[in-house]
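Worksheet: the structure to be examined is printed underneath.
In this note's numbering, the protein residues as written are 4 to 123.
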């Protein structure tokens, strides 16, 4: 059985960032999808600032949601015209190998994926 967990350390700032604008961009996902719940549970929005901080290392997720989470983070950056700095890390564990997908955001609208697995 696969187990998946994650941690956030992401921050962004922009004039279009507000609780209402973020909820509007994510309206189809927040409280409706696992990736929406993941973002909603770790999101803080106030005074033009948005952050995702914290971790869930319980391994409760049974699917690789990192691509969906990254897609929503990209959507936020593009539609609200700001850029994240920091990281989002997704951990996956199956019977024989541990995988780490570490997304590093550069503050310019880009991220680098650093992938590793325990077989290396």
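Using N, Cα and C, we set each Cβ at its ideal position, and we do this for glycine too.
So within the stretch 27 to 113, which uninterrupted beta strand (DSSP E) runs reach at least 3 residues, ignoring any that extend past its ends? Correct list: 46 to 49, 52 to 64, 87 to 96, 101 to 109.
Proximity of residue 56 and residue 9 at Cβ, strictly below 8 Å: As a position in the chain shown, residue 56 is number 53, starting the count at 1. As a position in the chain shown, residue 9 is number 6, starting the count at 1. Taking 8 Å as the Cβ cut-off, residue 56 and residue 9 do not qualify as a contacting pair.
What is the rounded straight-line gap between the Cα of residue 48 and the Cα of residue 104? Taking the chain shown and counting its residues from 1, the one referred to as residue 48 is at position 45. Taking the chain shown and counting its residues from 1, the one referred to as residue 104 is at position 101. If I take the Cα positions, the gap works out to 25 Å.
Determine the direct distance from the alpha carbon of residue 120 to that of residue 113, and round the result to whole angstroms. Position 110 of the chain shown, counted from the first residue, corresponds to residue 113. Position 117 of the chain shown, counted from the first residue, corresponds to residue 120. C-alpha of residue 113 to C-alpha of residue 120: approximately 23 Å in a straight line.
Opening and closing residue of the beta strand (DSSP E) in which residue 15 lies: Stepping through the chain shown from its first residue, residue 15 is reached at position 12. First-last of the beta strand (DSSP E) with residue 15: 6 to 16.
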